[in-house]
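Here's the structure we're looking at; comments come further down.
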Amino acid sequence: MKGFKFPPLLMAVLILIAVFLFFKYGIPPLLPMTLLVQYMIISVIGVLLFFSFDEDTWNRFKAPIAAVAQKDGTWPLRWFFLLAIPALIGYTTHIIVKPSSESPVELRQVHPAPPSKLKVFNKTYDLSSLENPIREDVIASMKAGDETNAWETYNAAVTAGRDIYYQNCFFCHGDLMYGEGVFADGFNPRPINFQDETINQLQEAFLFWRIATGGPGLPKEGTPWKSAMPVWHEMLGEQDVWNVITFLYDYTGEVPRIWDAEVSKIVTGMKTKLEDERAQMKGKDLYDLRCSVCHGEQGAGDGVAADRLYPRPRDFTLALFKYKTSPGTQPVRDEDLFNTIKYGLSATGMPGWSKLMTDEQIISLIPVLKHFDISATWAPEDAEDEDFDDDGIYLKDDFQQFTEVEPLDGQIAYTDDSVAKGKVAFEPCYECHGIDGRGDLRSGKRLADDWGFRIWPR
């Protein structure tokens, strides 16, 4: 230690800079900031122990610090450090605590390694060998040559998983599984996007672990985890979880990671068949696949997700639509229905379907919606009684099309006079929308829509 010629303090600073750069950029994948801080604290302690081992070296290590702190000619440096150190601490604290829209580094890394064993549902699972029992039943039927039973088992699981997903999961992960649910903007990191093809890199046992144990079930070595994923084994049954997993792969059109080549080939073949069918799917079949979970099988707005949405999904049976460009009480135009399906409606649960449906498929849904009508809105004026069934549904396809558009001219100019008149006209609206238009209902009325469901003023 007595052979040191290089200033010990400068050497210590250079060592710590090198260690920081190594931890920051030399270790893939990126280290979480919390772990980097822990490593640097340990490194600083190690450097101090090293240079304090020999008294002579320790005295030379402290000498520049003592000189700056005590000598008369170093007052500019003292003031520099007096201002710079608190400023650096304050800036670092600001960087750490300020809100950020980026996902934490620890969740932008490779998926966390699952434990070898998992204890949920009063069972212990070996995740290294765990397989989806639904898929095993389907594969067994396929290998036995019983494709009919295989598809029945598969479709039943997908339907059950769909219902569970849209009653529990779509608030965060979204209708289309892009991680854009109504709660998504409230989370950092955002909910997982199942459509980004990451799901095909994972075994179904991994999804079973993540769904069952949620954020609290993540490995302690990677803490602090910031996932808002609930612990679903406390709310769902084992079969429910497997049904949801089967549905996720079906909906995204992906195949899980499967090590058995023969099984992987069968599952991939099923996926290809479904993709080919759905690419050509139109009309009622397409409606049942994409729309019925919210709007109901008969278009009455009573799908399995309906009670969990506000506003509720549109009931098509009375042909009443809010978002339209036709004038007055005239029925909605086909173009309005097309745009609503393609682009969705903001501030509602209606997503835009342009990512999953072609324009041709969207157009094929319009007659389906009209067939749900029991008010004869779209039936020709000369339709005969025998053209309707007992529920009042028009049985033919020669629906009326309404083309008149609400005129856009004649808008009242913004003036002090028009504002004053508008304020007077708004007075009857106070009791629901409030004096300031904030929807602060003060009348005590229970407001309802055309179907009797509770609504609140804007």
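Throughout the sequence shown, residue numbering follows the numbering used here, covering -1 to 456 in sequence. Ideal Cβ placement from N, Cα and C applies to all residues, glycine included.
For D248, which residues from the same chain have a beta carbon less than 6 angstroms from its beta carbon, with the 5 sequence-adjacent residues on both sides left out? The beta carbon of D248 lies closer than 6 angstroms to those of V156 in the same chain, with the five residues before and after it left out.
When the Cα of L354 is compared with those of M279, R456, E53, which residue comes out closest? For L354, the nearest C-alpha among the options comes from M279.
Considering T244, what are the terminal residues of the alpha helix (DSSP H) in which it resides? Taken as a continuous stretch (DSSP letters only), the alpha helix (DSSP H) holding T244 covers 236 to 250.
Based on the DSSP output, what are the partners of K419 in its beta bridges? Note: K419 sits in no beta bridge, so no partner.
Where does E202 land, buried or exposed, given buried means 16+ other C-beta within 10 angstroms? Buried.
DSSP three-state label for D194, please. In the three-state reduction of the DSSP assignment, D194 falls in the coil class, being assigned neither a helical nor a strand state.
In the DSSP assignment, what residue or residues form a beta bridge with D124? DSSP lists K115 as partners of D124.
Which runs of the beta strand (DSSP E) fall wholly inside the region 279 to 315 and span at least 3 residues, in chain order? Given a length threshold of 3 residues, the region 279 to 315 has no whole run of the beta strand (DSSP E) inside it.
For G432 and W454, believed in contact at Cβ under 8 angstroms, the rounded distance: With a Cβ gap of about 12 angstroms, W454 and G432 do not count as contacting.
Give me the Cα-Cα distance between Y37 and H293, rounded to the nearest whole angstrom. Using only the alpha carbons, I get a separation of about 55 angstroms.
State buried or exposed for I243, treating a residue as buried only when at least 16 other CB atoms are found within 10 Å of its CB. Result: buried.
Once DSSP output is grouped into helix, strand and coil, what is the label at R436? R436: coil per DSSP, three-state reduction.
Three-way DSSP call (helix, strand, coil) for Y89 in this model: Residue state, collapsed to three classes: helix.
Candidates F319, E333, P214, R310, of which the one nearest V403 by Cα: Distances from the alpha-carbon of V403 to those of F319, E333, P214, R310 put E333 closest.
Taking only the alpha-carbon atoms, compute the straight-line gap between V291 and F424 and give it to the nearest angstrom. In a straight line, the C-alpha of V291 is about 39 angstroms away from that of F424.
Look at the alpha carbon of D70 and the alpha carbon of P6, and state the distance between them as a whole number of angstroms. In a straight line, the C-alpha of D70 is about 23 angstroms away from that of P6.
State the beta-bridge partners of F446 as determined by DSSP. Going by the sequence as given, residue 446 is Ala instead of Phe. Residue pairing by DSSP puts A446 in a beta bridge opposite R452.
What residues in its chain sit with their C-beta under 7 angstroms from that of A49, if we drop five residues either side in the sequence? It should be noted that the sequence gives Phe, not Ala, for residue 49. Taken in chain order, the residues that qualify are P6, A10, T55, W56, F59.
Best match in S225, F79, R331 for proximity to W376 [C-alpha to C-alpha]: Checking every option, the nearest Cα to that of W376 belongs to R331.
Below 8 angstroms, can you find three or more Cβ-Cβ pairs linking the region 126 to 145 to the region 259 to 275? Under the three-pair Cβ rule at 8 angstroms, the region 126 to 145 counts as touching the region 259 to 275.
Using the Cβ count rule (16 or more neighbours within 10 Å means buried), how would you classify D371? Flag for D371 reads buried.
On a CA-only basis, which of W449, C289, F192 is nearest A317? Give me that one, please. Answer by Cα proximity: W449.
Could you tell me the alpha carbon to alpha carbon distance between A411 and P405, rounded to whole angstroms? Taking the straight line from one Cα to the other gives about 16 angstroms.
Within the same chain, show all residues whose beta-carbon is closer than 7 angstroms to that of K419, passing over the 5 residues directly before and after it, in chain order. Close CB contacts of K419 within its chain, under the 7 angstroms cut and outside five residues either way in sequence, are absent.
Can you name the start and end residues of the alpha helix (DSSP H) that V45 belongs to? V45: member of the alpha helix (DSSP H) spanning 31 to 49, first to last residue.
Can you check DSSP and say which residues form a bridge with F386? DSSP lists Y392 as the beta-bridge partner residues of F386.
Less than 8 angstroms between the beta carbons of L367 and G299, yes or no? Result no, Cβ atoms of L367 and G299 do not sit closer than 8 angstroms.
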